[in-house]
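Each protein sequence line maps, in turn, to chains A and B. Per the working numbering, the first sequence starts with residue 71, numbered consecutively. Per the working numbering, the second sequence starts with residue 71, numbered consecutively. For glycine and all other residues, C-beta sits at the position ideal for the given N, C-alpha and C.
Protein chains: 2
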Amino acid sequence: MKAYALLGGPEEEWPQNIKNDFALAQQKNDLLIGVDRGSLLLEEMGLIPDLAIGDFDSLEKSELAKIDSSVPDIRYSSPIKDATDSELMVKIAFEDYHVDSLTILGATGGRIDHFLINLFMILNPKINKYAEKITLLDKQNLLNFYIPGQHVINRKAGYNYVGVADLSGVKDLNIEGARYELANYSNSYPLIFGSNEFLPDKDTFEISFKKGTVAIIYSKDINRFHNI
Amino acid sequence: MKAYALLGGPEEEWPQNIKNDFALAQQKNDLLIGVDRGSLLLEEMGLIPDLAIGDFDSLEKSELAKIDSSVPDIRYSSPIKDATDSELMVKIAFEDYHVDSLTILGATGGRIDHFLINLFMILNPKINKYAEKITLLDKQNLLNFYIPGQHVINRKAGYNYVGVADLSGVKDLNIEGARYELANYSNSYPLIFGSNEFLPDKDTFEISFKKGTVAIIYSKDINRFHNI
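Given below as structure tokens:
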């Protein structure tokens with residue numbers, strides 16, 4: 071079973087057709103998860119999440135009542151907590167629902183502390199074991215995550231650029247068969263290699279590393295702006 | 071002298087009144103910097119940057135000609151380079167222009183590899199020595215950066231939340247006098263403590279740490295969404 075989770079990030083950053091994609095997923099019996107305000111946003115699209123997680127402290131009573139009366143599985147988190155709602159969601163998806171993959175939307179844009187928490191939760195050892203099953207998705211970016219080993223990175227249609235992000239410090243990172251290669255790179259802190267590309271005649275390249283967590287950031291230009 | 075740099079990130083993320091603020095800065099003889107497409111965006115606002123930096127490879131010839139004929143100091147970077155245009159900009163601002171502070175705009179939104187590069191360049195040892203003089207600013211967030219030591223964090227009007235982001239692993243991080251305190255926290259990888267707050271009767275709190283780089287992320291809700 072696949073799972074899709076909507077967090078409370080701004081709608082402007084959502085991929086197009088999110089409503090249809092979620093509806094289609096539910097028809098296939100995939101799991102639809104709302105995290106905090108994301109639960110309400112799903113209901114506003116006419117979709118009932120299968121699972122809702124949060125402290126719901128930003129919701130009006132009537133909004134929470136609507137979720138409470140419709141969602142089959144609601145998990146209330148404490149406002150003061152060790153794990154964020156996003157982390158709790160990942161754990162419940164994999165440990166209670168045993169999903170095969172999890173795509174997280176609504177994680178980007180808006181408050182930068184929120185985005186960074188949602189991105190860097192992947193380094194939390196309780197989450198990191200599921201890293202390779204997690205995708206972060208918005209209208210312009212798709213992120214996959216990798217733990218140490220050898221990995222084949224596949225071209226994805228519509229994305230012109232691919233960044234390789236060392237999120238935590240890395241040992242012996244190699245990038246082979248991409249436009250810009252890298253050999254045995256080690257560092258003790260995060261560093262992002264942006265704007266790499268697949269070679270014209272290849273749909274894959276390889277990465278390998280011995281320690282750390284690496285994100286592959288697929289991205290596209292939506293307007294002509296770019297900022298490095 | 072203060073400096074303001076505009077990178078090429080999407081306009082939707084810029085603070086309001088950016089044009090007036092830049093115009094006012096130039097009247098005060100502060101330094102206005104355009105980085106790559108940011109140079110053109112400044113000219114489109116009717117402002118001539120004092121300094122333009124980039125490989126300008128995303129610009130049309132006519133666009134580049136416009137910059138070339140108007141900007142007093144243009145530094146061309148190589149498209150294949152060790153330093154990003156943002157890093158080059160920071161170095162030139164502090165080392166050639168000896169500015170006292172640098173506020174970077176247009177660094178957020180759009181491509182996540184770009185944003186993370188602009189954020190994590192602060193860990194580059196060649197940039198890190200200027201960390202405490204650098205501010206990242208968009209419509210919803212203001213980021214300050216700190217190197218090891220004791221620091222007083224000041225309330226800023228209009229920002230409800232304050233996150234404390236360990237960007238690289240940290241030793242003995244303390245947060246004192248804020249709503250959520252922290253004592254002697256150490257970690258080997260980035261971790262973000264979001265949604266902290268100033269106490270109602272206080273306009274400051276203190277942080278201290280012995281190793282690492284910490285970002286203070288001031289943020290506000292623009293809409294009602296939030297995502298953790």
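Taking the runs of the alpha helix (DSSP H) that are 4 residues or longer, which of them lie wholly in the stretch 113-180 of chain A?
-> Counting only runs of at least 4 residues, the stretch 113-180 of chain A fully encloses the following alpha helix (DSSP H) elements, listed from N- to C-terminal order: 131-140 and 155-165.
Curious, which full-length beta strand (DSSP E) runs of at least 3 residues does the stretch 172-227 of chain B contain?
-> If only complete runs of 3 or more residues are kept, the stretch 172-227 of chain B shows the beta strand (DSSP E) at 204-207, 211-216 and 219-224, in order along the chain.
Would you identify the three-state DSSP class for L261 of chain B, choosing helix, strand or coil?
-> strand
By DSSP, does T241 of chain A sit in helix, in strand, or in coil?
-> Here residue 241 of chain A turns out to be Lys, not Thr, going by the sequence shown. Three-state DSSP puts K241 of chain A in a strand.
Could you check if S148 of chain B is buried or exposed, using at least 16 other CB atoms within 10 Å of its CB as the buried criterion?
-> Result: exposed.
Chain B beta carbons: is any one of them nearer than 9 Å to that of T274 of chain A?
-> no
Short-range partners of chain B found in the stretch 208-227 of chain A, where Cβ spacing is below 9 Å | D208, Q210, N211 and L213
Contact list for the stretch 228-241 of chain B against chain A, Cβ threshold 8 Å = Y231, G233, A235, L237, S238 and G239
Relative to the alpha-carbon of S109 of chain B, which residue among B:K98, B:G239 and B:D125 has its alpha-carbon at the smallest distance?
-> In this structure, B:D125 is the residue among B:K98, B:G239 and B:D125 with its C-alpha nearest to the C-alpha of S109 of chain B.
Closer than 9 Å to chain A by CB, E246 of chain B = no
Rank B:A73, B:I103, B:Q86 and B:N99 by C-alpha distance to the C-alpha of D155 of chain B and give the top, closest one.
-> B:I103
Of all the beta strand (DSSP E) runs that stay within the bounds of the stretch 246-292 of chain A, which reach a length of 3 or more residues?
-> 252-257, 261-266, 274-279 and 284-289
Select from the stretch 159-184 of chain A all residues with a C-beta closer than 9 Å to any C-beta belonging to chain B, and list them in chain order.
-> Residues passing the 9 Å Cβ filter: G176, A177, T178, G179, G180, R181, I182, D183 and H184.
Own chain residues within Cβ distance below 6 Å of N297 of chain B, not counting five before or after = Note that N297 of chain B has pLDDT 43, beneath the 50 cutoff, so the model's placement of it is unreliable and no number is given.
Since I88 of chain A and L175 of chain A are thought to touch, with beta carbons under 8 Å apart, how far apart are those beta carbons, to the nearest angstrom?
-> 7 Å
Would you be able to state if there are at least three C-beta pairs under 8 Å between the stretch 245-252 of chain B and the stretch 173-191 of chain B?
-> no
D170 of chain A: buried (16+ other C-beta within 10 angstroms of its C-beta) or exposed?
-> Looking at its Cβ environment, which holds fewer than 16 other Cβ atoms inside 10 Å, D170 of chain A is exposed.
Please name the residue, chosen from A:P260, A:S132 and A:G219, that lies closest to A235 of chain A on a Cα-to-Cα basis.
-> Among A:P260, A:S132 and A:G219, the Cα nearest to that of A235 of chain A belongs to A:P260.
Is DSSP giving L101 of chain A helix, strand or coil here?
-> strand
Residues of chain B with CB under 8 Å from F268 of chain A, in chain order?
-> By Cβ distance, chain B contributes nothing, its closest Cβ being about 15 Å from F268 of chain A, past 8 Å.
Does any C-beta atom of chain A lie closer than 9 Å to the C-beta of P119 of chain B?
-> no
Please report how far the alpha carbon of D273 of chain A lies from the alpha carbon of A227 of chain A, in whole angstroms.
-> Each residue's alpha carbon lies about 10 Å from the other.
Helix, strand or coil for L77 of chain B per DSSP?
-> L77 of chain B: coil per DSSP, three-state reduction.
Along the stretch 121-142 of chain A, what residues have a CB closer than 7 Å to any CB found in chain B?
-> Residues S128.
Inter-stretch contact at 8 Å, needing at least 3 Cβ pairs: the stretch 214-223 of chain A / the stretch 276-283 of chain A = yes
Contact set between L112 of chain A and chain B, taken where Cβ atoms lie within less than 9 Å | None at all; the shortest Cβ gap to chain B is about 13 Å.
So, helix, strand or coil for D91 of chain A, using DSSP?
-> helix
In terms of residue numbering, what span does the beta strand (DSSP E) encompassing Y231 of chain B cover?
-> In this chain, the beta strand (DSSP E) harbouring Y231 of chain B covers Y231 to D236.
Compare the C-beta of Y250 of chain B against all C-beta atoms of chain A and say whether one is closer than 9 Å.
-> Output row for Y250 of chain B: interface = yes.
Within the same chain, show all residues whose beta-carbon is closer than 7 Å to that of F275 of chain A, passing over the 5 residues directly before and after it, in chain order.
-> I223, I245, E246, G247, A248 and F268
In chain B, what lies closer than 9 Å to M287 of chain A by C-beta?
-> Sequence check: residue 287 of chain A is Ile here, not Met. Correct list: R181, I182, D183 and L186.
Quick one: which residues of the stretch 73-85 of chain B get their C-beta closer than 9 Å to a C-beta of chain A? List them in chain order.
-> L77, G78, G79, P80, E81, E82 and E83
Would Q220 of chain B pass as a contact of S278 of chain B if the rule is Cβ separation under 9 Å?
-> yes
Report the residue from A:L129, A:D127, A:S140 and A:S128 whose alpha carbon sits nearest the alpha carbon of G116 of chain A.
-> A:S140
Does any C-beta atom of chain A lie closer than 9 Å to the C-beta of I144 of chain B?
-> no
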